[in-house]
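Residue numbers (the working numbering): 2 to 332.
Have a look at the structure below before the remarks.
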Ligand code: TYM
C-alpha cells in the first residue's frame, strides 16, 4: 500500500501559542509513523500582512527550531521553507484561475483579519491566501493535512479545487483531508474562553517562549465558570472545559480520562495541576529549542529539506502544466 503523504505548515507571524503547539506541533512526530510528512514554514504567507524583515527571519528560524524541538526527525520528515521551493509560486499562478472571487470572499479568516482594515490597505495576497495554501497541499500529493479547526475551511476549499480540476483534466491531483486532533483542535483564550487562542492576542494566551513563572501565572488567573465541578461542558463551562482540553492534550489522554483525574477537585487545585503539566512539558520543549538554536542545527535541515521538497513539488507542477496545456520541454 502507498504510504500516506502528510503535509502541514505554520506561518511565521507573531509569537507561537500553546494553541499552535497543542493543536498541531506537539503531535506532529506521531505522523512520522503514519506516513511521509512534509512540514514547512509558510514564510510567503507571512508577507500577506505587513511584517518587519528581521522579525520574519527570526520567526522562521524559531519555527524550524520548534519543529525539531517537538521531535520531528529530519530523516523521517522533510522540513523546509515554503519560499525555497519555487513550485509553490508557479503552481499558484496556475491555480488562481480555478478558484473564484465569491469563494475567496467567504473565507472567515479573510473576513476576520480584514474587517477592521480599509480596502485600500488590504493586499491582494491576503485575499488570495487560500489559493497558495491549496498549492502547498496539492504539490506534495498530500492526503492528510493535520491542522487546527481554524484551517478546516481552507482545506475544504482545496478539496473543491481538486475536484474541479480533476473533473476538467482527469485524475491529476490527490484529494486531501484535514485531520484534527480529537482534543486540542481549538484551544481557547484563557482570558476569554469563548475566543480562540491566537498569535495576535497577547492577553490570555500562552506563548511558547514565555517563562515558566508567566505560564503558571496565566493559567492560575484563567477565567473559570460558575459552579465548582471540574466537568467538560464547553457551552456552560467554557473556561473549565478549555483547561481540561489543555491538560488532556498536554498529557495525551482523553477528556474523559482527564475528568476522572479531577473528580472532587476544587478549581484552584485543578488549575495548579494544569499549570504543573503544561510547565513540565514546555520547560523540556524550551530546553530542546534552545539547544537547536545554539547549534544552528536547523540550517542543514532546511537546506536538505528544500532539495527533497523541490524534487517532489516539481514533479507535481509538471503534471499540472502538462494537463492544462503548457509546454514542458526538458532542458
Ligand atoms: P497558523 O500559523 O495560523 O497556525 C498553525 C497551526 O496551528 C493551528 N492553530 C490552533 N490549533 C488549536 N487551537 C488554536 N487556538 C490554534 N490556533 C492555531 C492552526 O489551525 C494551524 O494548523 N494557513 C496556515 C498555514 C499554512 C498551512 C498550509 C497549513 C499555509 N499553508 C498548508 C496546512 C497546510 C496558518 O496560518 O496556520
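Glycine is no exception: its CB is placed at the ideal position from the N, C-alpha and C atoms.
Bear in mind that the values here come from a model prediction, so they are computed numbers and not experimental data.
Three-state secondary structure assigned by DSSP to residue i
| i | result |
| --- | --- |
| residue 81 | strand |
| residue 150 | helix |
| residue 187 | coil |
| residue 234 | strand |
| residue 42 | strand |
| residue 309 | helix |
| residue 217 | helix |
| residue 5 | strand |
| residue 263 | coil |
| residue 112 | helix |
| residue 145 | strand |
| residue 124 | coil |
| residue 274 | helix |
| residue 11 | strand |
| residue 129 | coil |
| residue 55 | helix |
Span separating the alpha-carbon of residue i from that of residue j
| i | j | result |
| --- | --- | --- |
| residue 56 | residue 63 | 10 Å |
| residue 273 | residue 266 | 11 Å |
| residue 232 | residue 44 | 40 Å |
| residue 321 | residue 166 | 10 Å |
| residue 286 | residue 163 | 37 Å |
| residue 308 | residue 58 | 20 Å |
| residue 256 | residue 153 | 22 Å |
| residue 249 | residue 184 | 7 Å |
| residue 190 | residue 115 | 21 Å |
| residue 95 | residue 52 | 27 Å |
| residue 330 | residue 318 | 13 Å |
| residue 60 | residue 209 | 12 Å |
Closest residue to residue i among the options (Cα-Cα distance)
| i | options | result |
| --- | --- | --- |
| residue 296 | 21, 70 and 7 | 70 |
| residue 280 | 47, 220, 15 and 5 | 220 |
| residue 75 | 174, 48, 32 and 106 | 32 |
| residue 18 | 162, 275 and 188 | 188 |
| residue 12 | 200, 101 and 174 | 200 |
| residue 253 | 29, 7 and 3 | 29 |
| residue 171 | 8, 325, 9 and 10 | 325 |
| residue 99 | 197, 169 and 210 | 169 |
| residue 5 | 194, 175 and 234 | 175 |
| residue 315 | 305, 139 and 225 | 139 |
| residue 105 | 126, 87 and 90 | 126 |
| residue 251 | 192, 229 and 278 | 278 |
| residue 195 | 223, 34, 97 and 86 | 223 |
| residue 40 | 88, 73, 207 and 120 | 73 |
Check: residue i C-beta below 6 Å from any heavy atom of the ligand TYM
| i | result |
| --- | --- |
| residue 198 | yes |
| residue 151 | yes |
| residue 146 | yes |
| residue 25 | yes |
| residue 223 | no |
| residue 240 | no |
| residue 12 | yes |
| residue 306 | no |
| residue 21 | yes |
| residue 43 | yes |
| residue 134 | yes |
| residue 188 | yes |
| residue 9 | yes |
| residue 46 | yes |
| residue 293 | no |
Closer than 6 Å: residue i CB and nearest the ligand FAD heavy atom
| i | result |
| --- | --- |
| residue 93 | Inclusion of the ligand FAD in the displayed structure is not the case, the ligand content consisting of the ligand TYM alone. |
For this session: For the region 127–144 and the region 99–113, state whether three or more C-beta atom pairs, one from each stretch, are separated by less than 8 Å.
Result: yes
Exercise. Counting Cβ pairs, one atom from each stretch, are 3 or more of them under 8 Å apart for the region 146–159 and the region 18–34?
Worked result: yes
Exercise. Any contact of the region 168–181 with the region 223–240, i.e. 3+ C-beta pairs under 8 Å?
Worked result: no
For this session: Mind the definition here: the region 250–270 touches the region 205–217 only if three or more C-beta pairs lie below 8 Å; say whether that holds.
Result: no
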